[in-house]
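S.K.: Residue numbers (the numbering used here): 55 to 496.
1. Using only CA atoms, which one of 399, 430 and 145 lies nearest to residue 417?
2. Going by Cα to Cα distance, which pick from 120, 441, 457 and 139 is closest to residue 406?
3. Find the nearest neighbour of residue 311 within the set 387, 112, 104 and 206, judged by alpha-carbon distance.
4. May I have the straight-line CA-CA distance separating residue 347 from residue 132, to the nearest angstrom?
5. Can you name, in chain order, every residue of its own chain whose Cβ lies under 6 Å from the Cβ of residue 396, other than the five neighbours on each side?
6. Can you give the beta carbon distance from residue 81 to residue 71, rounded, assuming they're within the 8 Å contact cut?
7. Report yes or no: do the segment 168-182 and the segment 319-328 share at least 3 C-beta pairs separated by less than 8 Å?
8. Please work out which residues of its chain come closer than 6 Å, Cβ to Cβ, to residue 120, disregarding the five sequence neighbours upstream and downstream, and give them in chain order.
9. Around the C-beta of residue 336, are 16 or more other C-beta atoms found within 10 angstroms, so that it is buried, or is it exposed?
10. Along the chain, where does the alpha helix (DSSP H) that runs through residue 341 open and close?
11. Assuming residue 73 and residue 122 form a contact by the criterion Cβ under 8 Å, report the distance between their Cβ atoms to the nearest whole angstrom.
12. Flag this pair as yes or no: are the beta carbons of residue 378 and residue 210 separated by less than 8 Å?
13. Starting from the C-beta of residue 206, find all residues in its chain whose C-beta is less than 7 Å away, skip the five residues before and the five after it, and write them out in chain order.
14. With burial defined as no fewer than 16 other Cβ atoms inside 10 Å of the residue's Cβ, what is the status of residue 296: buried or exposed?
15. Do residue 453 and residue 471 have their CB atoms nearer than 8 Å?
16. How is residue 101 classed by DSSP in three states: helix, strand or coil?
17. Might you give, ordered along the chain, the residues of its own chain that have their beta carbon closer than 8 Å to the beta carbon of residue 367, omitting 5 neighbours on each side?
18. DSSP state of residue 240, grouped into three classes?
19. Report yes or no: do the segment 256-274 and the segment 230-245 share at least 3 C-beta pairs separated by less than 8 Å?
20. For residue 380, which residues from the same chain have a beta carbon less than 7 Å from its beta carbon, with the 5 sequence-adjacent residues on both sides left out?
21. Within this structure, are the beta carbons of residue 425 and residue 461 separated by less than 8 Å?
22. Quick check on the burial criterion: 16 or more other C-beta atoms within 10 angstroms. Buried or exposed for residue 90?
23. State whether the segment 189-208 contacts the segment 150-170, with contact taken as three or more CB pairs (one from each stretch) at a distance under 8 Å.
24. Using 8 Å as the threshold, is the C-beta distance between residue 160 and residue 129 below it?
25. Can you find the residues in the same chain that come closer than 6 Å, C-beta to C-beta, to residue 308, ignoring five residues on each side of it along the sequence?
26. Is it the case that the Cβ atoms of residue 584 and residue 277 are separated by a distance below 8 Å?
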């Protein structure tokens, strides 16, 4: 059993801290946001993550997991201190390390004995050394410590599962002693431990995420070609995916990636490359493709309705992916304002992200958690997030509710045969259009 303090109660900090507690460690999760800590102490989870609330309540009830804003005391009591604070993207694409620096300084000022300080946040190469210098300076050399880079690879919407069933744990450390302790901490989750130095561990995180983003942009570029030559990208992806050298993961064509990782990490790696004097053209192309892909559903809609003024458009899905309320870099953040700018009235459905959406859109649109009410009397329907509710919706009922039987599917939730059988004008990504059943006035 280890005494662990986790700095930050977002996705990374809260999920990691909860899972460490669930394996028998004593964990305190810290944050400077008193409202967030008060909510957690009252059993209110600030993020939507399937299964997390139950595990948090079990571990708080059994005394292994606590929450506090008293960061100095948490630092002094801990053996291991995890840094899981945000590293938002600056305007130039560089990761903003303000929160990391502040935490490192606080740790140094309260160092009262040997500690292992672990960077869990996604940070540029060289951050571990920077943290080491800040702590050494702030502590005045009054106690020893080691720094470890231990990047996370969890996916929002399945973060709890991903943490408890890690494919690998990456441990880059300044000493073998610290490396052994952090490796042992992860043995309940995985036997695949990659032991390396700080810089390599930091690069593994970026290299992994940008490679996955590259697969997404690649299949979206292939989808755009498929539309021009009459091919079906879903079958192309299926044929590619059986090749073990490629695999089927991240070959789902659509309107691009979003969230807190891929957009930020892609730009951050481009910046890291530039700082090292290298022009990372491939990553730049990945970013450009993704930005262009978000606009596809609006252009497809305009191919049916050139003038959207006064049209009622139903938007299904606002979060960047299903099973989360996260809207960071969600395609909806560009698509909804564009529809509004073009004069459309927007009715939007999302099962969990409506409160978060209000922070971005205000009263620009009407919100609903009832899918069929959202599409009622709409001129067209756009799918932006492949929620289970959306993938399983009754297409006949949707057709009957719509004023015009127009469905623009940005996530390829349905087969062409299903859309044709339902009598829809159906435009998707990288596949032939289905539009033989209705005559839509322009």
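Heads up, the beta-carbon is just placed ideally off N, CA and C, and yes, glycines get one too.
M.R.: This is what the structure gives:
1. 399
2. 441
3. 387
4. 46 Å
5. 362
6. 5 Å
7. yes
8. 82
9. exposed
10. 335-347
11. Wrong, their Cβ atoms sit about 19 Å apart, outside the cutoff.
12. yes
13. 66, 70 and 174
14. exposed
15. no
16. coil
17. 355, 393, 398, 399, 400, 401, 432, 433, 434, 435 and 436
18. coil
19. no
20. 210, 313, 314, 373 and 374
21. no
22. buried
23. yes
24. yes
25. 464, 465 and 483
26. Given that the chain is displayed from residue 55 to residue 496, the structure contains no residue 584 and the question cannot be resolved.
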